[in-house]
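27 is the number that this note's numbering gives to position 24 of the sequence shown; each next residue is one higher, with no gaps.
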Amino acid sequence: MANNPPASVTRKANGENTPGRVSGSGRAGRHQSESESELNPAVKSLARLCSRDEEERAAALEELSQEVRMCLQLDRPGSARLSKQTLLHLLRLSRSCPLQEVRGRATELLRTAQEQGVQVPRALALGPSGFIHAKEMLKEGPDKDILIESFLSSGRVDHITTVMALHPAYLSCFLRTQHALLELDGPLPRHWRHYIAVMAAARHHCPYLVQQHSAGFLEAGGEESWLSDLERAPTKLRSLQTLNKLLAHRPWLITQQHIQELVYPGADPRWSLAELIHAVVLMAHAHSLCSFVWACGLNPEPDHIGGYTFQPPSPGHLPCSPHSPHSPAHEDGRQELVDGAMEVEVLMKRMAELQQQQQEEEECTQEEMVTRFERERSESIPTAVVRGAPPDLVLHLVEDPEFRYEDFAPRGEQSPPTMRAQDYSWEDHGYSLVNRLLPDMGQLLDEKFQVVSNLTYHRMAMHEGVDTHTLRKALWNYIHCLYGIRYDDYDYGGVNVLLERSLKVFVKTMACHPEQTTARIYHAFWRHFRHSEKVHANLIVMEARLQAALLYTLRAITHYMR
4 MANNPPASVT RKANGENTPG RVSGSGRAGR HQSESESELN PAVKSLARLC SRDEEERAAA
64 LEELSQEVRM CLQLDRPGSA RLSKQTLLHL LRLSRSCPLQ EVRGRATELL RTAQEQGVQV
124 PRALALGPSG FIHAKEMLKE GPDKDILIES FLSSGRVDHI TTVMALHPAY LSCFLRTQHA
184 LLELDGPLPR HWRHYIAVMA AARHHCPYLV QQHSAGFLEA GGEESWLSDL ERAPTKLRSL
244 QTLNKLLAHR PWLITQQHIQ ELVYPGADPR WSLAELIHAV VLMAHAHSLC SFVWACGLNP
304 EPDHIGGYTF QPPSPGHLPC SPHSPHSPAH EDGRQELVDG AMEVEVLMKR MAELQQQQQE
364 EEECTQEEMV TRFERERSES IPTAVVRGAP PDLVLHLVED PEFRYEDFAP RGEQSPPTMR
424 AQDYSWEDHG YSLVNRLLPD MGQLLDEKFQ VVSNLTYHRM AMHEGVDTHT LRKALWNYIH
484 CLYGIRYDDY DYGGVNVLLE RSLKVFVKTM ACHPEQTTAR IYHAFWRHFR HSEKVHANLI
544 VMEARLQAAL LYTLRAITHY MR
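Written out as structure tokens, the structure is:
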């Protein structure tokens with residue numbers, strides 16, 4: 004994933020994000036197994052491409068080119084073959100490196116290798132997202148400076164980073180937080196952090212993050228057998244499974260007892276509170292990031308399983324590209340564009356009326372506010388058709404796969420007590436607890452929450468100079484409502500006014516059943532909005548979900564500590 008460190012930290016690029024230890028294709032061809040790549044000088048020179056010194060980068064490019072060309076001279080005594088790992092590195096650079104000279108040279112080297120009879124990989128997708136066409140991503144303009152910074156810091160620009168770069172202010176906070184969670188000093192060893200993230204991503208059947216963190220786990224010295232069977236992992240890590248599934252699907256069920264079973268003096272194995280907080284934030288971070296990955300339709304990385312093939316394209320084949328059911332190419336496309344434009348006008352009018360009402364009307368009684376919250380909480384919003392069994396890549400990493408999200412308050416059933424934000428909030432309680440047990444993490448999370456809550460470009464679809472505060476707040480509070488968190492001073496009647504049904508279907512699916520997100524429900528809402536605006540909504544939902552899950556767990560820890 005986009006575990007890019009900030010500018011002051013650099014790491015080697017070679018091999019960091021390759022998917023485990025995969026062997027060669029087994030077909031006749033001139034690429035080797037990955038196990039031979041350690042002897043390949045081309046791999047070693049890749050790290051120097053991340054130098055901040057332009058002259059050193061240029062020298063590294065020339066060195067890489069010479070080494071690759073030497074590998075292609077098989078009749079030369081002592082020459083090596085191009086490894087599969089090197090070929091995949093070149094493919095990744097040719098597809099996603101923001102430095103034109105590096106991207107162009109990688110493309111040229113792959114072409115040269117192919118002309119020499121080498122089986123070269125090709126990417127299976129046109130861009131980072133299956134929902135957003137690559138040309139539309141370019142048109143909306145991810146921030147190039149932050150992409151370059153990401154490449155120089157970590158050696159790669161993954162799809163998460165590319166899509167989040169549509170909102171560079173948020174991406175900077177995200178990268179700092181994630182780097183601290185995964186890389187900086189802390190109570191948990193580095194390979195354990197990645198394994199915990201693997202366990203968390205598997206809950207939402209997310210091969211993208213499972214592969215990313217599996218690679219990070221192996222690179223940090225993790226035991227490969229743990230990735231093939233949960234039972235091979237240490238008992239202490241496996242003891243997180245109950246908390247993992249509750250955090251992922253029903254965090255309101257987490258109690259003081261769950262915390263006590265892990266940290267009390269007689270527990271075997273025992274977690275310290277600092278270790279547990281670190282693990283909890285890692286799991287909640289990965290769960291919410293699964294929501295973003297699925298909601299943006301992210302394609303596999305070009306050097307990961309499912310992102311490339313060594314098979315030549317069939318005649319007339321085009322790489323996979325997203326297809327919107329609301330494209331003007333449809334017979335009713337023109338009418339749908341008109342309908343989409345009308346939706347924008349209706350939403351603008353509703354926002355203005357709601358803001359006017361809030362200024363003029365007397366406040367509702369607390370009884371009426373609670374009634375509106377309960378109405379919103381118990382509303383029946385269907386989600387997409389459930390996907391089939393989880394892919395083999397994650398199936399063996401999931402314990403109790405049938406445990407899923409259930410509505411906090413199903414109609415006609417007794418629901419758990421609502422969490423009143425005034426009784427336990429991030430600002431007054433959660434922030435200080437995290438900062439005390441995991442120094443600086445509370446500050447990093449708080450900054451991220453603040454940035455995403457205040458992020459605005461004062462525009463909506465084709466309109467400029469728009470105050471979107473009420474819409475952003477409605478999205479945030481709706482997610483918290485789904486998780487049973489109520490704000491006494493918020494009128495939930497505004498949620499129904501501003502969030503039309505197709506949007507509710509999308510954000511509920513994203514927050515509660517992310518693996519069920521489809522292109523159809525992505526394209527069904529806000530049909531006249533920019534993709535960057537939909538990504539903005541995804542960021543709000545992701546962070547609201549993260550905060551909700553943390554609040555329930557932190558409250559349980561607070562009760563245990565009393």
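C-beta atoms are modelled at their ideal positions from N, C-alpha and C, and glycine is treated no differently.
A direct Cα-to-Cα measurement between ASN247 and GLU65 gives close to 48 angstroms. In the displayed model, SER317 falls within coil according to three-state DSSP, outside both helix and strand.
Of the other Cβ atoms in all chains shown, fewer than 16 fall within 10 Å of the Cβ of ARG504; this residue is therefore exposed.
Annotation: the continuous alpha helix (DSSP H) that includes MET545 extends over 534–564. Comparing C-alpha distances from HIS483 to each of LEU554, ARG439, HIS516 shows the shortest one belongs to LEU554. Per DSSP, the unbroken alpha helix (DSSP H) holding THR473 starts and ends at 472–485. Taking 8 angstroms as the cut-off, the Cβ atoms of ASN302 and PRO101 do not count as close.
In the three-state DSSP reduction, SER132 falls in the strand class (E or B).
Within its own chain, the residues whose Cβ lies closer than 7 angstroms to the Cβ of ARG241, once the five positions on either side in sequence are excluded, are LEU233, listed in chain order.
Of all C-beta pairs linking the stretch 247–258 to the stretch 162–170, fewer than three are shorter than 8 angstroms, placing the two stretches out of contact. Counting only runs of 3+ residues, no beta strand (DSSP E) is found wholly inside the stretch 252–327.
Comparing alpha-carbon positions, the option among LEU265, LEU502, ARG530 lying closest to THR556 turns out to be LEU265. About 6 angstroms separates the CB atoms of GLU139 and HIS534; that is less than 8 angstroms, so the two are in contact. Put simply, the backbone Cα of ALA552 is about 21 angstroms away from that of GLU382. Relative to PHE295, the option among ALA50, SER54, ALA514 whose CA is nearest is ALA514. Just so you know, the alpha carbons of PRO192 and ALA277 end up roughly 13 angstroms apart. Between the stretch 197–212 and the stretch 398–413 there are three or more inter-stretch CB-CB distances shorter than 8 angstroms, so the stretches are counted as touching. Boundaries of the alpha helix (DSSP H) around GLU118: 103–118. In the three-state reduction of the DSSP assignment, ALA126 falls in the strand class. Distance from the Cα of VAL454 is smallest, within the candidate group ALA477, LEU542, THR471, for LEU542.
When secondary structure is reduced to three states using DSSP, MET465 falls in the coil class, being assigned neither helix nor strand. One alpha carbon belongs to HIS531, the other to TYR173, and they sit about 24 angstroms apart.
Sequence-distant Cβ neighbours of HIS207 in its own chain, meaning closer than 6 angstroms and more than five residues away, are CYS293, PRO517, GLU518.
Look at ARG55 here: in three-state DSSP terms it is coil, with no helix or strand label. Contact between ARG106 and LEU96 holds: their C-beta atoms lie close to 6 angstroms from each other, under 8 angstroms. One alpha carbon belongs to LEU67, the other to PRO316, and they sit about 27 angstroms apart. For ARG548, the CB contacts under 7 angstroms within the same chain, skipping 5 residues up- and downstream, are SER291, SER294, ILE482, ALA514 in chain order.
Looking at the DSSP output, ILE149 bridges to nothing. A straight-line Cα-Cα distance of about 8 angstroms links ASN499 and GLU379. A straight-line Cα-Cα distance of about 21 angstroms links VAL347 and ASN457. Taking C-beta atoms as the reference points, PHE134 and HIS252 fail to come closer than 8 angstroms. Counting along the chain, the unbroken alpha helix (DSSP H) around VAL397 starts and ends at 395–398. At a Cβ-Cβ threshold of 8 angstroms, ILE280 and TYR563 do not count as neighbours. If the five residues before and after ALA137 are omitted, its C-beta is found closer than 6 angstroms to the C-beta atoms of LEU129, GLY130, all from its own chain and listed in chain order. The beta-carbon separation of GLU304 and LYS451, rounded to 24 angstroms, does not stay under the 8 angstroms limit for a contact.
Closest option to HIS526, judged by alpha-carbon separation, among LEU150, ALA298, CYS176, GLN119: ALA298.
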